[in-house]
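In what follows, a single structure is set out as structure tokens and then discussed.
In my numbering, the protein residues as written are -4 to 401.
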């Protein structure tokens, strides 16, 4: 009988223990489900917009409070391009700041502060941007903000603006012009150094890197290339830069590639060996496409293990080149996060991206310009922040808030 009671007690204990484990497992599953729901929570456009403004430093540039502009004040914002997801975000930021200013001041109808966004039809068209700058200065705005495509191109216009007491703010891409009221941008040096660290980690801190820079004229491109190279040199002795390709130097490179083809020291994959053997008709530099140039770099540097691209165009250009030349073992890091880049990230063709904050750049450039118009004074640098994204953190809420909205 005693043994029977012991057996019953033991069975009850086992049952309770099993039930307890079941409850514990259920609780754990609930926690996982809650976490999953939080991760999959749809971020509203309003939440995303506010999150982008919250990271602006100093915080005075993430709101329109205290800007007592006169009725009908006109402020001009000039970009580097009128199309593309990046510049669409900039324009949204400009429009939001405009709405906030007018709402705070209670202006409606003809009394509203007018703030316009204009940019060249073609990305980085320096001549067209200078023409736009001339046109906007002729309208005598209370202030003007510009993303400078070529840091050497606008100094005459800036001097004219100073003579006419029109304050100038730079955003996205600045210059060393001494009369700028403020520069609103990503910390290009810091972000490029982080990109170097992330690429070094992916490459086990050794190997050769190809740099693809979107241009050789803008301060942003220069700072990113310099920051990346400096970080490699300082911290990674077993890593080196194989070459830097500036995408606006295409004419010079067309001549170089054509010359090598014609002398027989290089052959495109489409040429085969026939040209080298028979000395067929010479290749003209204008026959060389940008794809040919990228393929040339990749074939000339077969031991390259990584690539650093300084903007969205550069990222997509190098990935396309690797697809054509069937190089699937090259790590790629770069800037921006349009839909095509995000797709490349998901597919493993890109390893990491510096996501800038163009929405906040547009917003903060308006605030800085308004402060300049009111002689309120400005910080010399307004940091709009950035976020490092990878395939693994792409669905994190804090990351999703910083991605470009449709």
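Virtual Cβ for every residue (Gly too), placed ideally from N, Cα, C.
I'd like to confirm the pairing. Which residues does DSSP put opposite residue i in its beta bridges?
i: residue 326; result: 301
i: residue 238; result: 205
i: residue 180; result: 378
i: residue 166; result: 168, 179
i: residue 126; result: According to DSSP, which records beta bridges pairwise, residue 126 is partnered with nothing at all.
i: residue 46; result: Beta-bridge pairing links residue 46 to no other residue.
i: residue 384; result: 348
i: residue 52; result: 378
In this structure, how does DSSP classify residue i when only helix, strand and coil are distinguished?
i: residue 113; result: strand
i: residue 222; result: helix
i: residue 392; result: helix
i: residue 158; result: helix
i: residue 398; result: coil
i: residue 347; result: strand
i: residue 245; result: helix
i: residue 141; result: strand
i: residue 97; result: helix
i: residue 152; result: helix
i: residue 107; result: coil
i: residue 135; result: coil
i: residue 258; result: helix
i: residue 118; result: coil
i: residue 270; result: Its pLDDT being 47, under 50, residue 270 is placed unreliably by the model, and nothing is read from it.
Span of the beta strand (DSSP E) holding residue i?
i: residue 314; result: No beta strand (DSSP E) contains residue 314, which is instead part of the alpha helix (DSSP H) from 307 to 319.
Ends of the alpha helix (DSSP H) at residue i?
i: residue 354; result: 353 to 368
i: residue 338; result: 334 to 341
i: residue 294; result: 285 to 295
Q | Contained beta strand (DSSP E) runs [length at least 3] in the segment 55 to 82, N- to C-terminal order | A | 69 to 73
Q. At a cut of 8 Å, does the segment 85 to 103 reach the segment 180 to 194 through at least three beta carbon pairs?
A. Cβ pair count under 8 Å is below three, so no.
**Q.** Cβ contact check for the segment 41 to 60 and the segment 353 to 366: 3 or more pairs under 8 Å
**A.** In short, these stretches touch, since the Cβ pair count reaches three.
Q: Take every Cβ of the segment 91 to 109, pair it with every Cβ of the segment 118 to 131, and state whether three or more of those distances are shorter than 8 Å.
A: no
Q: Would you check if there are 3 or more beta carbon pairs closer than 8 Å linking the segment 318 to 334 to the segment 345 to 359?
A: yes
Q) Do the segment 368 to 379 and the segment 144 to 155 touch if we need at least three Cβ pairs shorter than 8 Å? A) No: the two stretches stay apart, fewer than three of their Cβ pairs being nearer than 8 Å.
**Q.** Inter-stretch contact (C-beta, 8 Å, three-pair minimum) for the segment 61 to 74 and the segment 137 to 148
**A.** Contact between the segment 61 to 74 and the segment 137 to 148 is present, because at least three Cβ pairs lie under 8 Å.
Q) Does the segment 304 to 323 come close enough to the segment 275 to 282 that 3 or more CB-CB pairs lie under 8 Å? A) no
Q. Would the segment 259 to 266 and the segment 226 to 235 be scored as touching if the rule is three or more Cβ pairs under 8 Å?
A. no
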